[in-house]
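*Asks:*
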Amino acid sequence: DSGVTQTPKHLITATGQRVTLRCSPRSGDLSVYWYQQSLDQGLQFLIQYYNGEERAKGNILERFSAQQFPDLHSELNLSSLELGDSALYFCASSVGRGPYNEQFFGPGTRLTVL
Amino acid sequence: AQSVTQLGSHVSVSEGALVLLRCNYSSSVPPYLFWYVQYPNQGLQLLLKYTTGATLVKGINGFEAEFKKSETSFHLTKPSAHMSDAAEYFCAVIMNYGGSQGNLIFGKGTKLSVKP
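Just so you know, the protein sequences line up as chains F and H, in that order.
Residue numbers for the first sequence follow the numbering used here, beginning at 7 and rising by one.
Residue numbers for the second sequence follow the numbering used here, beginning at 29 and rising by one.
1. What are the residues of the segment 71–91 of chain H that lie near chain F, defined by any Cβ-Cβ distance shorter than 9 Å?
2. Give the residues of chain H in contact with Tyr56 (chain F), contact being defined as C-beta atoms less than 7 Å apart.
3. Provide the residue span of the beta strand (DSSP E) that contains Ile66 (chain F), from first to last.
4. Do the CB positions of Gln34 (chain H) and Thr100 (chain H) come within less than 7 Å of each other?
5. Hey, how far is the Cα of Pro144 (chain H) from the Cα of His38 (chain H)?
6. What residues from chain H crowd round Pro31 (chain F), counting only those whose CB sits closer than 7 Å?
7. Using CA atoms only, rank isn't needed, just tell me which of F:Leu45, F:Asp77, F:Tyr39 and F:Leu67 is closest to Glu60 (chain F).
8. Just checking, does the segment 74–85 of chain H make contact with the segment 93–105 of chain F on the three C-beta pairs under 8 Å criterion?
9. With the cut-off set at 7 Å, would you say Ser53 (chain H) and Phe118 (chain H) are in Cβ contact?
10. For the segment 96–117 of chain F, list every residue whose C-beta sits within 9 Å of some C-beta in chain H, in sequence order.
11. Compare the C-beta of Gly9 (chain F) with all C-beta atoms of chain H and state if any pair is closer than 7 Å.
12. Pull up the distance between the alpha-carbon of Gly9 (chain F) and that of Asn83 (chain F), whole angstroms please.
13. Look up Glu88 (chain F) in the DSSP assignment and say whether it is helix, strand or coil.
14. What is the rounded straight-line gap between the Cα of Gly126 (chain H) and the Cα of Phe96 (chain F)?
15. Check the DSSP bridge columns for Asn152 (chain H) and list the partner residues they point to.
16. In this structure, how does DSSP classify Lys136 (chain H) when only helix, strand and coil are distinguished?
17. Going along chain F, which residues have a C-beta under 8 Å from Lys136 (chain H)?
18. Per the contact definition of three or more C-beta pairs closer than 8 Å, is the segment 74–89 of chain F in contact with the segment 24–35 of chain F?
19. Taking the alpha carbon of Phe70 (chain F) as the reference point, which residue from F:Glu81, F:Val119 and F:Ser37 has its own alpha carbon closest?
20. In chain F, what lies closer than 9 Å to Tyr117 (chain H) by C-beta?
21. Does DSSP put Ser8 (chain F) in a helix, in a strand, or in coil?
22. Could you give the DSSP three-state label for Glu99 (chain H): helix, strand or coil?
See below:
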């Protein structure tokens, strides 16, 4: 158990819909990272927040957005969903700001778009 | 642009045999290098990382990796495979731009099977 929690574990929705994925980092970790894992694209970095502020952006679509709240939990919002958004979405957390700090991964949220 | 190549999407070894998972990166500047493991239905777990210093890095569960700058490689090895090593392994890099680092870029992964 990494100490990072993600909810829900599974999510099934239809095209065009909007969903919110939630992540609670390990106690004391200030950075939260979001990743997407799909069969065709592999594991891709989406976005990082550090202590409530966006720190780095990766291959995140404009239809996706994220935020980190004062209690440090984070939410990833996915809108106007397409079939290709079906994937496993991981959240990770680390103590520091830099990505070279060990990142602890949650168990993931499996999103299925029908 | 930097990239990470893992040779072999599937590797199968017998229990007790040597495990060798290959990773090459493309970068003119030595990056930070990582190996992560993903067990079925779980998130990723850091096995080991190389940032600076000794090029032979020891990690958890008996794994180690050697950074070879001349070969731009960071292959993962374990002398004797155990059934519990069956998992997917990901090599990842971070470019070190002096004081500013990018984020993790992952290879496609190598699924390791261990036969009894």
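Every residue, glycine too, gets a C-beta built ideally from N, C-alpha and C.
Keep in mind it's a predicted model, so treat the numbers as computed, not measured.
*Replies:* Working from what's here:
1. The residues in question are Gly71, Leu72, Gln73, Leu74, Lys77 and Thr79.
2. Within 7 Å of the CB of Tyr56 (chain F), no CB atom of chain H is found; the nearest one sits about 12 Å away.
3. First-last for Ile66 (chain F): undefined, no H or E at that position.
4. No, they are not a contact pair.
5. When rounded, the distance between both Cα atoms is 17 Å.
6. By Cβ distance, chain H contributes nothing, its closest Cβ being about 13 Å from Pro31 (chain F), past 7 Å.
7. It is F:Tyr39 whose Cα lies nearest to the Cα of Glu60 (chain F).
8. In this structure the segment 74–85 of chain H does not lie against the segment 93–105 of chain F, because fewer than three pairs of beta carbons, one per stretch, are closer than 8 Å.
9. A quick correction: the sequence has Tyr, not Ser, at residue 53 (chain H). Their beta carbons are not under 7 Å apart, which means Tyr53 (chain H) does not touch Phe118 (chain H) by this criterion.
10. The residues in question are Phe96, Cys97, Ala98, Gly104, Pro105, Tyr106, Glu108, Gln109, Phe110, Phe111, Gly112, Pro113 and Gly114.
11. In terms of beta-carbon proximity, Gly9 (chain F) stays away from the interface with chain H, with every pair separated by 7 Å or more.
12. Just so you know, the alpha carbons of Gly9 (chain F) and Asn83 (chain F) end up roughly 22 Å apart.
13. Note: Glu88 (chain F) maps to coil in three-state DSSP.
14. Only weak support is given to the placement of Gly126 (chain H): the predicted model assigns it a pLDDT of 49, under 50, and the value that follows is read from those uncertain coordinates. Cα to Cα, Gly126 (chain H) sits roughly 28 Å from Phe96 (chain F).
15. Not covered by the structure: residue 152 (chain H). The range shown for chain H is 29 to 144.
16. DSSP places Lys136 (chain H) in coil when its eight states are reduced to three.
17. By Cβ distance, chain F contributes Gly48.
18. Yes, since at least three Cβ pairs between the segment 24–35 of chain F and the segment 74–89 of chain F fall closer than 8 Å, the two stretches touch.
19. Residue nearest to Phe70 (chain F) within the set F:Glu81, F:Val119 and F:Ser37 is F:Glu81 (criterion: CA-CA distance).
20. Contacts between Tyr117 (chain H) and chain F, judged by CB atoms closer than 9 Å, are missing: the closest CB pair is about 12 Å apart.
21. Three-state result, Ser8 (chain F): coil.
22. Secondary structure of Glu99 (chain H) (DSSP, three-state): helix.
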